[in-house]
Structures are given as structure tokens and as C-alpha cells.
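Some notes on the structure that comes next.
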Amino acid sequence: MEASSPLAADPPPPPVHVAIIMDGNGRWARSRGLPRTAGHKRGAESVRRTVEAAREMGVSYLTLYGFSSENWKRPAGEIADLMGLLRLYLRNEINALHKNGIRLKVIGERSRLGPDIVRMIEEAEARTEGNVDLTLVLALSYGGRQEIVEATRAVARAVAAGGLAPDQVDESVVGAHLFTAGIPDPDLIIRTSGEQRISNFLLWQGAYAELVFIETLWPDFGRAELETALRDFHRRDRRFGGAR
Numbered sequence: 001m002e003a004s005s006p007l008a009a010d011p012p013p014p015p016v017h018v019a020i021i022m023d024g025n026g027r028w029a030r031s032r033g034l035p036r037t038a039g040h041k042r043g044a045e046s047v048r049r050t051v052e053a054a055r056e057m058g059v060s061y062l063t064l065y066g067f068s069s070e071n072w073k074r075p076a077g078e079i080a081d082l083m084g085l086l087r088l089y090l091r092n093e094i095n096a097l098h099k100n101g102i103r104l105k106v107i108g109e110r111s112r113l114g115p116d117i118v119r120m121i122e123e124a125e126a127r128t129e130g131n132v133d134l135t136l137v138l139a140l141s142y143g144g145r146q147e148i149v150e151a152t153r154a155v156a157r158a159v160a161a162g163g164l165a166p167d168q169v170d171e172s173v174v175g176a177h178l179f180t181a182g183i184p185d186p187d188l189i190i191r192t193s194g195e196q197r198i199s200n201f202l203l204w205q206g207a208y209a210e211l212v213f214i215e216t217l218w219p220d221f222g223r224a225e226l227e228t229a230l231r232d233f234h235r236r237d238r239r240f241g242g243a244r
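At position 195 of the sequence shown the residue is numbered 195 (the UniProt record's numbering), and the sequence of numbers has no breaks.
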């Protein structure tokens, strides 16, 4: 009697938290003789594809670096275009996020965003708060160093007020004062466009994240590229400083 073939091994579970530095919109547009705005618009379509793929693949948290604190130095016209796209996204995509069980959370310095944008963010967060299929974290007006500075100030105020002793300050206390309080640290950080740096993104939280750099420009990123990054992640030996 012919022996039965062994069953294929179950695929490894996806990383709990994937974070992406979305880079290359400008180069994508320039290579096609288009204005940078066209790259940003095409990049918004990649956001939609990637969020859908992450949810289907079982990722629990997806953080997208949408607009850094340094991006405020860009020309006023480009900033206005980006804010317009953000308004459009918040206006048009929240229904789909909510329908698909996706929770939205925004991290960063909201005080620098327009009041109408802040209001739309608050409404979207409140509406999707109970969703559990995926948490989509948008980093807007975000900088990792500034986040750590703000957390340090908050801890210092607590110590000065007598509510916290200096020797009680540890990693968990600092982490509780970060924008990402309550969100697990990223397991995997992906950067598109071939650049190999993290650009002030999740500096504290990414201490033990695996880094994957992909040549694909962000407007061309989608499910196939995400799957490639996850395969690379699963080949890594994550020891967190311990011995093999």
C-alpha cells in the first residue's frame, strides 16, 4: 500500500505589528514626468491595497508613516496638497474601514494639523473604536525624537508633582507616556524605495524590530510586496539579545 505523503506544515503566524515607512511617491511621479501630487495620489491607492492585504493576512496592527514632523519643511503647496489628500482619505475611507472591522488610531502632534482634520480624526477614531480585525495606526505630524521628549516631560511632571518617585521610572512608565501606549511594539518595519534608514520613526518602539528594505517605490507597493517582506521576516532568527 502506497504511503501517504506528509501533510504540508502550517504557515507561520504573521507578525502581530507591521510598520511601514512609505517612501518614493515623489520619485515615482518624477520618473513619469508627473507632478509630485500624482505620486501622492497613487500612494493613497497603495494604502488602501496594503491595509486590505494586511487584514486578510492576519496582521493585528499596521502602522503607516504618513507625514513626519520634518515634512512640515516641504513647500507650502505640497503640504496643502498632502493635507487635502488626508481630508479626502478621512472623508471617503472611514466607511470602508468600519465595514471591514478596522480600527483607526492616529499618532503624532495633532496641534499642527488643521482643526477640521483633527475633528475628522476624532470622529473616525470614535466610530471605529470597537473594531478588532485590524488596528490601522496613521503616524501624522510624527517624529520619534519629539515623541520621546514629550514622554520625558510628562514623566518629569509626574515626578515633580510627587505622584511618581524617580526610582519608579522604568521602561514601562516611559512607554505608557508615548503616543503608542497600549499598542505592541512593531515586529517588522518595512521601508520602500530602497532607502536604508528609519528616519525618526518609532525610535523607542522599534528597538527589536526586524528591518526589511524594499526597492519598490510606495505607489507600486501592494500585497505581493507585503508577502515578500513577511517571508523575509519569517527567515529571521529573533533572539532579542539572548544566546542562540
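The beta carbon of each residue, even a glycine, is placed where N, CA and C say it ideally should be.
- Note on geometry: alpha-carbon atoms of T37 and R157 lie some 42 Å from one another.
- A straight-line Cα-Cα distance of about 29 Å links A76 and V51.
- Here the C-alpha atom of L140 lies approximately 29 Å from the C-alpha atom of H234.
- Rounded to whole angstroms, the separation of the alpha carbons of R48 and V174 is 33 Å.
- When the Cα atoms are used, E70 and W218 turn out to be separated by approximately 19 Å.
- Classified as exposed, T152 has fewer than 16 neighbouring CB atoms from the shown chains inside 10 Å of its CB.
- Assignment of I79 by DSSP, reduced to helix, strand and coil, places it in the helix class.
- The shortest C-alpha to C-alpha distance from L82 to any of K99, G39, G144 and E195 is the one to G39.
- By the criterion of at least three beta-carbon pairs nearer than 8 Å, the stretch 95-103 is in contact with the stretch 120-136.
- Following the DSSP letters along the chain, one finds K73 in no beta strand (DSSP E), marked with neither H nor E.
- When DSSP states are grouped into helix, strand and coil, R119 belongs to the helix group.
- The bridge partners DSSP lists for K105 are V137.
- Per DSSP, reduced to three states, the secondary structure at A161 is coil, with no helix or strand assignment.
- By the Cβ criterion, the stretch 160-172 is not in contact with the stretch 188-200, since fewer than three pairs of Cβ atoms, one from each stretch, lie closer than 8 Å.
- Cβ atoms of I102 and L136 come within 8 Å of each other, at about 5 Å.
- Listed as beta-bridge partners of R191 by DSSP are I21 and F213.
- Straight-line measurement puts the Cα of L34 at about 53 Å from the Cα of V159.
- Of the residues assessed, L64 falls on the buried side of the cut-off, its CB having 16 or more other CB atoms within 10 angstroms.
- Contact between L203 and G144 holds: CB atoms are separated by about 3 Å, below the 8 Å threshold.
- Secondary structure note for N95: its alpha helix (DSSP H) is the uninterrupted segment I94 to K99.
- Judged by their CB atoms, Y61 and G108 are not nearer to each other than the 8 Å cut-off.
- Where T180 is concerned, there is no enclosing alpha helix (DSSP H), because DSSP gives it neither an H nor an E.
- Inclusion of L138 and G66 in the CB contact set at 8 Å is warranted, their separation being smaller than that value.
- Judged by DSSP secondary structure, G39 falls within the alpha helix (DSSP H) whose first and last residues are R36 to E56.
- Residues of the same chain with a CB within less than 7 Å of the CB of T180, apart from the 5 flanking positions on each side, are I107 and Q205 in chain order.
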